[in-house]
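Undergrad:
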Amino acid sequence: GAGVSQSPSNKVTEKGKDVELRCDPISGHTALYWYRQSLGQGLEFLIYFQGNSAPDKSGLPSDRFSAERTGGSVSTLTIQRTQQEDSAVYLCASSTGQGWTNYGYTFGSGTRLTVV
Amino acid sequence: AQTVTQSQPEMSVQEAETVTLSCTYDTSENNYYLFWYKQPPSRQMILVIRQEAYKQQNATENRFSVNFQKAAKSFSLKISDSQLGDTAMYFCAFMMGSGNTPLVFGKGTRLSVIA
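Now the structure itself:
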């Protein structure tokens, strides 16, 4: 596609429910990143996929968070047993994975998650 | 671990004036990249400008330029001839030189351009 697509754009869920957030990166981009942006905060790294390598999960805040990337393309971020502190904007980005020629990432418009 | 600090949570500037946003970072690396991203209300992060640490010349992109001081670990963004469309959150970000590593972001500066 022309850009990074995220769905849904907004999601309201009840505390304790599971949610799935979807990211469709730019076609051909081998690297995919998930970030969380809480109110008034910067972007907090969550997880990174690069090609067929094992993902870098070092930013996941708890074992309630997981992500997968199927076929090296679409990625799903799953949050189990949601808590109110999970309320944030979840941003996805992709890049060519070409090292220093990488002019930064291309971001999606994010999913705003509200846990009530 | 690398850290990025933006000390100005909010700033405002008159239309057509010039404004400078501050950013400092901490790293023991010698090879890295620095970025400024703009986030308008649409939430989409837009790359404004980037700088390679090995380059002494400051990057420029039209009305946007940076003042990169490697020894001081400072990377400020100057916006000239500010326009109403520049109103947004601005984030400074750091990437290790190996590339394909997560960007580390500052907490952002909210810039308001006033008519």
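Residue numbers (my numbering), protein chains in the order written: chain A, 417 to 532; chain B, 181 to 295. From the three backbone atoms N, C-alpha and C, an ideal C-beta is built for every residue, glycine too. Computed from a prediction, not measured in an experiment: that's the story for all the values here.
Spell out whether any CB of chain A is found under 8 Å from the CB atom of Q249(B).
TA: No, because no Cβ of chain A sits closer than 8 Å to the Cβ of Q249(B).
Undergrad: What would DSSP say about Q194(B), mapped onto helix, strand or coil?
TA: Note: Q194(B) maps to strand in three-state DSSP.
Undergrad: Are the C-beta of S525(A) and some C-beta of chain B separated by less than 8 Å?
TA: It does: the Cβ of S525(A) has a partner Cβ on chain B nearer than 8 Å.
Undergrad: Just the C-alpha distance for K287(B) and C203(B), rounded to the nearest angstrom, thanks.
TA: Each residue's alpha carbon lies about 10 Å from the other.
Undergrad: Using only CA atoms, which one of G456(A), T446(A), D479(A), S469(A) lies nearest to L462(A)?
TA: The option with the nearest alpha carbon to L462(A) is D479(A).
Undergrad: For a contact meaning CB atoms closer than 7 Å, what does K287(B) contact in chain A?
TA: The answer, in chain order, is Q457, G458.
Undergrad: Would L214(B) count as contacting chain A if we go by Cβ distances under 8 Å?
TA: So no, L214(B) is outside the interface.
Undergrad: Any chance the CB of P424(A) is under 7 Å from a heavy atom of the ligand FAD?
TA: The model on display carries no ligand, and the ligand FAD is accordingly not part of it.
Undergrad: Per DSSP, A273(B) is paired with what?
TA: According to DSSP, A273(B) bridges with F215(B), F285(B).
Undergrad: Does the count of Cβ pairs from the stretch 445–464 of chain A and the stretch 487–502 of chain A closer than 8 Å reach three?
TA: Result yes; three or more Cβ-Cβ pairs closer than 8 Å.
Undergrad: Does the beta carbon of F465(A) sit closer than 8 Å to a beta carbon anywhere in chain D?
TA: Protein chains A and B are contained in the structure displayed, whereas chain D is not.
Undergrad: Would you tell me roughly how many angstroms separate the C-alpha atoms of R243(B) and A252(B), rounded to the nearest one?
TA: Their Cα atoms are separated by approximately 24 Å.
Undergrad: Do you know offhand how far S254(B)'s Cα is from Y205(B)'s?
TA: Answer to the nearest angstrom: the Cα atoms are 7 Å apart.
Undergrad: I believe Q186(B) touches T289(B) by the beta-carbon criterion, under 8 Å. Please report the beta-carbon distance rounded to the nearest angstrom.
TA: That belief holds up - the Cβ atoms of Q186(B) and T289(B) are roughly 5 Å apart, short of 8 Å.
Undergrad: Taking C-alpha atoms, which residue in Q236(B), I226(B), L264(B), K235(B) lies nearest to W216(B)?
TA: The shortest Cα separation from W216(B) among Q236(B), I226(B), L264(B), K235(B) belongs to I226(B).
Undergrad: Give a yes or no on whether 8 Å exceeds the smallest Cβ distance from M322(B) to chain A.
TA: Absent from the structure is residue 322(B), since the part of chain B shown begins at 181 and ends at 295.
Undergrad: Since I believe V531(A) is in contact with K431(A) (beta carbons under 8 Å), could you give me their beta-carbon distance rounded to a whole number of angstroms?
TA: With 8 Å as the limit, K431(A) and V531(A) qualify as a contact, their Cβ atoms being about 6 Å apart.
Undergrad: Under the three-state reduction of DSSP, which class applies to T429(A): helix, strand or coil?
TA: Strand.
Undergrad: Flag L507(A) as yes if its beta-carbon sits less than 8 Å from any beta-carbon of chain B, otherwise no.
TA: So yes, L507(A) belongs to the interface.
Undergrad: Should F481(A) be flagged as near chain B, meaning a C-beta pair shorter than 8 Å?
TA: No - not a single Cβ of chain B is within 8 Å of the one on F481(A).
Undergrad: Determine the direct distance from the alpha carbon of R497(A) to that of S511(A), and round the result to whole angstroms.
TA: Taking the straight line from one Cα to the other gives about 31 Å.
Undergrad: Let me know if K235(B) comes out buried or exposed under the rule of 16 or more other beta-carbons within 10 Å of its beta-carbon.
TA: So K235(B) ends up on the exposed side.
Undergrad: Using a Cβ-Cβ distance cut-off of 8 Å, determine whether M191(B) contacts chain A.
TA: Not an interface residue.
Undergrad: Using only alpha-carbon positions, find the residue among Y270(B), L264(B), S222(B), E197(B) that is nearest to Q457(A).
TA: Answer by Cα proximity: Y270(B).
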